[in-house]
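Working notes for the structure below.
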Amino acid sequence: MEYLVESIVSAIKLIFGLNSEVFVVVWTSIRISVIAVVLASLFSIPMGLVVALQSFPGKRLLIQVLNTLVALPTVVVGLLLYGILSRQGPMGDFGLLYTPTAMVIGQSVLIIPVIWSLAISAANSADPRLSDTCKALGANFTQQGLLFLNEVRFAIMAAVVMGFGRAIGEVGIAMMLGGNIEGFTRTMTTAIALETSKGEFEFALALGMLLLLVAFVVNGLLQRFQYLNK
Amino acid sequence: MTQAYQLQNITYAHGEDLVLRIEEYSIGQNVVTALVGANGSGKSTLLNLLAFVTTPASGSLLYFDEKVINGKAQALRRQIAYVQQRPYLFNFTVLQNIELGLKLRSIDKSVWQKRIELVAENLGLQTLLQKRAHELSGGEIQKVAIARALVLEPKVLLLDEPFTHLDKGSKADIENLLNDMREAGSPTVIFSSHDQLQAQSLADQVCVLDKGQIKPCLLLNTFKGQVNADKNVFDTGRSEIQIPSTIKSGIQIAVDPAHLVLSKEELKSSMRNHFQGRVKSLQEAYGEIHIVVEAEESWQAIITHASLNELNINIGDQIWLSFKSSAVQVF
Numbered sequence: 001m002e003y004l005v006e007s008i009v010s011a012i013k014l015i016f017g018l019n020s021e022v023f024v025v026v027w028t029s030i031r032i033s034v035i036a037v038v039l040a041s042l043f044s045i046p047m048g049l050v051v052a053l054q055s056f057p058g059k060r061l062l063i064q065v066l067n068t069l070v071a072l073p074t075v076v077v078g079l080l081l082y083g084i085l086s087r088q089g090p091m092g093d094f095g096l097l098y099t100p101t102a103m104v105i106g107q108s109v110l111i112i113p114v115i116w117s118l119a120i121s122a123a124n125s126a127d128p129r130l131s132d133t134c135k136a137l138g139a140n141f142t143q144q145g146l147l148f149l150n151e152v153r154f155a156i157m158a159a160v161v162m163g164f165g166r167a168i169g170e171v172g173i174a175m176m177l178g179g180n181i182e183g184f185t186r187t188m189t190t191a192i193a194l195e196t197s198k199g200e201f202e203f204a205l206a207l208g209m210l211l212l213l214v215a216f217v218v219n220g221l222l223q224r225f226q227y228l229n230k
Numbered sequence: 001m002t003q004a005y006q007l008q009n010i011t012y013a014h015g016e017d018l019v020l021r022i023e024e025y026s027i028g029q030n031v032v033t034a035l036v037g038a039n040g041s042g043k044s045t046l047l048n049l050l051a052f053v054t055t056p057a058s059g060s061l062l063y064f065d066e067k068v069i070n071g072k073a074q075a076l077r078r079q080i081a082y083v084q085q086r087p088y089l090f091n092f093t094v095l096q097n098i099e100l101g102l103k104l105r106s107i108d109k110s111v112w113q114k115r116i117e118l119v120a121e122n123l124g125l126q127t128l129l130q131k132r133a134h135e136l137s138g139g140e141i142q143k144v145a146i147a148r149a150l151v152l153e154p155k156v157l158l159l160d161e162p163f164t165h166l167d168k169g170s171k172a173d174i175e176n177l178l179n180d181m182r183e184a185g186s187p188t189v190i191f192s193s194h195d196q197l198q199a200q201s202l203a204d205q206v207c208v209l210d211k212g213q214i215k216p217c218l219l220l221n222t223f224k225g226q227v228n229a230d231k232n233v234f235d236t237g238r239s240e241i242q243i244p245s246t247i248k249s250g251i252q253i254a255v256d257p258a259h260l261v262l263s264k265e266e267l268k269s270s271m272r273n274h275f276q277g278r279v280k281s282l283q284e285a286y287g288e289i290h291i292v293v294e295a296e297e298s299w300q301a302i303i304t305h306a307s308l309n310e311l312n313i314n315i316g317d318q319i320w321l322s323f324k325s326s327a328v329q330v331f
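As given, the protein sequences belong to chains A and B, one line each in that order.
The numbering used here applies: residue 1 is where the first sequence begins, and numbers increase by one.
The numbering used here applies: residue 1 is where the second sequence begins, and numbers increase by one.
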């Protein structure tokens, strides 16, 4: 117990001592995850609205596949993309392996099903009169999508936050595609794994606390946004 | 004359339930048409089809002589304004909700203010314009939705149960609005109602729906009995009513109250049905006078205020009631 308390105190000192090593790792994590979330959202949200608002053959199967992919293990995504991005892979010539770009690609692939699936649910949760009202007002499909986006914006924001949480908290892709290179691709999760294995428990704990803090702040911002827009 | 809508063999189903089946029906342009029927009779389904919000399972739908096909529906919707039974307002202010249709239809911004001011004044919405939609009462929501439709100045205005949730004053506002549009002859208005008196007072044309089918009858002045083809009459047991000679069978008749002519003396005219009776009740509703006359059967007639003044009648007075045999619908 004493060991744990001492570790927590040391971790807090590391955070408030503005340890540059800690903050580089935190910044790398946030930067990569934010870019991945933005890219995934730009694809997934419009696709979610298209799937929710349109009828087409195979729609139910697609939703079932997306729901399955929500639980996709990060190491499986890491493994597949490792095969594609490694020197022998089809995209090996781009030299992306062990770069932040590879991590962004990996995290985007990981969270696209999450945001896409939740965006479909968000659009489906809208008032059943909304679709007919949009049509009756003369909205074209794009206008209808934008009106839906506005009406279910809180649920969409929650989907994005969920995606961010999944991206920033994953370790498999960051490790396999980023390589945990200090000051370059080392993220909070990979650093926690490494430092713990080295016995640097205080450093790992400090990062763990910061990881929780980031999640807490992002959720707090979402709640504030919902409150202000009520 | 061009009809606003022509429906032929139209069907619509919810799953396996056929909820609408219309063999043939036309809705005139620049007139007010009322769809009358009980809950679940298919009024809203028919309005959804007329608004091109849904498409029929089968049949042909012509809109101003133009065949409606899927690819055209969105362009045609922009000529129509449709207020649903429980209108949906967006999470904006009232003003933004009213402006929305104008924005979506890319209507020139220079006309917005004038149209909005006029409609807001007609419906008494001036003080609500900056309120958010979720702060409104049911009646206010209904009025904002009607305002949102009217500012579009549509070719066809569709209103699904527009009087629901409205208080007496607001009902009168909407009734006056419908009467003004009826007098102006524009736009083509189709509204649904479960109140047949209201429908017959406000509309030029009444369409009765029952279990998804159009009934060739009116719900007022309906009597059961049998046709006596030899005498060209319909015998209700209490009264013999002259009917067109072409009709040889039927078990029920209906006579549109607007076709009944009231007079103090027996009229010398080509009308073949004349009954003397007594005024049982007089009631003002929807801007007109509804009179019940006991003349062998109990008859309901609708007259204007001016006619009432001319006739100078009171409850209990003796009165003559006349109508043409062609006003009798037998089915």
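Glycine included, every Cβ here is placed at the ideal spot set by N, Cα and C.
As the structure is a prediction and not an experimental result, all values here were calculated from the model.
Asked                                                                                                                                      : Found
Selection of the region 90-102 of chain B by Cβ proximity to chain A, strictly under 8 Å                                                   : F90, N91, L100, G101
Cross-strand partners of G404 of chain B (DSSP beta bridge)                                                                                : The structure shown does not extend to residue 404 of chain B, since chain B is modelled only from 1 through 331, so no value can be given for it.
DSSP-derived helix/strand/coil call for R78 of chain B                                                                                     : coil
Three-state secondary structure assigned by DSSP to I8 of chain A                                                                          : helix
Other residues of its chain near R182 of chain B: CB distance less than 6 Å, five sequence neighbours each side excluded                   : V32
Delimiting residues of the alpha helix (DSSP H) encompassing Y82 of chain A                                                                : 74-85
At least 3 beta-carbon pairs within less than 8 Å: the region 204-212 of chain B vs the region 227-240 of chain B                          : no
Contacts around C134 of chain A, its chain only, beta-carbon distance under 6 Å, and the 5 residues preceding and following it disregarded : Q144, L147
R87 of chain A burial status per 10 Å Cβ neighbour count (16 or more: buried)                                                              : exposed
Beta-carbon proximity of A191 of chain A to V152 of chain A, cut-off 8 Å                                                                   : no
Neighbourhood of E153 of chain B by C-beta, 8 Å cutoff - its chain only, sequence neighbours within 5 removed                              : R115, P187
Cα-Cα separation between N221 of chain B and V328 of chain B, rounded to whole angstroms                                                   : 10 Å
Distance between F90 of chain B and G178 of chain A (C-alpha atoms, nearest Å)                                                             : 45 Å
Extent of the continuous alpha helix (DSSP H) to which I168 of chain A belongs                                                             : 153-169
Close-in-space but distant-in-sequence residues of the same chain around K59 of chain A (CB under 7 Å, 5 per side omitted)                 : V51
Counted within 10 angstroms of its Cβ, other Cβ atoms place S41 of chain A as buried (16 or more) or exposed                               : buried
DSSP-derived helix/strand/coil call for A254 of chain B                                                                                    : strand
Completely contained alpha helix (DSSP H) runs for the region 82-156 of chain B, where each covers 4 or more residues                      : 94-104, 112-123, 138-150
Through-space distance from K215 of chain B to I27 of chain B, alpha-carbon basis                                                          : 15 Å
Residue from A:T101, A:E202, A:A139, A:V214 with nearest C-alpha to I173 of chain A                                                        : A:T101
Local conformation of I243 of chain B per DSSP, three classes                                                                              : coil
Reduced DSSP secondary structure (H/G/I, E/B, other) of Y98 of chain A                                                                     : coil
Nearest neighbour of V26 of chain A, chosen from A:E195, A:L210, A:G89, A:I115 [CA to CA]                                                  : A:L210
Range covered by the alpha helix (DSSP H) that runs through S249 of chain B                                                                : No alpha helix (DSSP H) holds S249 of chain B; DSSP gives it neither H nor E.
Buried/exposed call for I146 of chain B, threshold 16 Cβ in 10 Å                                                                           : buried
Cut-off 8 Å between Cβ atoms - residues of its own chain near M47 of chain A, not counting five sequence neighbours on either side         : W116, A119
Stretch-stretch touch, CB-based, cutoff 8 Å, three pairs: the region 11-26 of chain B with the region 160-177 of chain B                   : no
CB contact check: A295 of chain B to chain A, cutoff 8 Å                                                                                   : no
Three CB pairs or more closer than 8 Å across the region 79-97 of chain B and the region 119-135 of chain B                                : yes
DSSP-derived helix/strand/coil call for F184 of chain A                                                                                    : coil
S239 of chain B versus V293 of chain B - alpha carbon distance                                                                             : 14 Å
Burial state of K13 of chain A (16 or more Cβ within 10 Å)                                                                                 : exposed
Within chain B, partners of Q143 of chain A - CB distance below 8 Å                                                                        : L104
Under 8 Å (Cβ pairs) to chain B, residues found in the region 205-228 of chain A                                                           : none
Among B:L136, B:N39, B:L262, the one whose alpha carbon lies nearest that of D195 of chain B                                               : B:N39
Chain A contact residues for V53 of chain B, given Cβ-Cβ distances below 8 Å                                                               : D132, K135, A136
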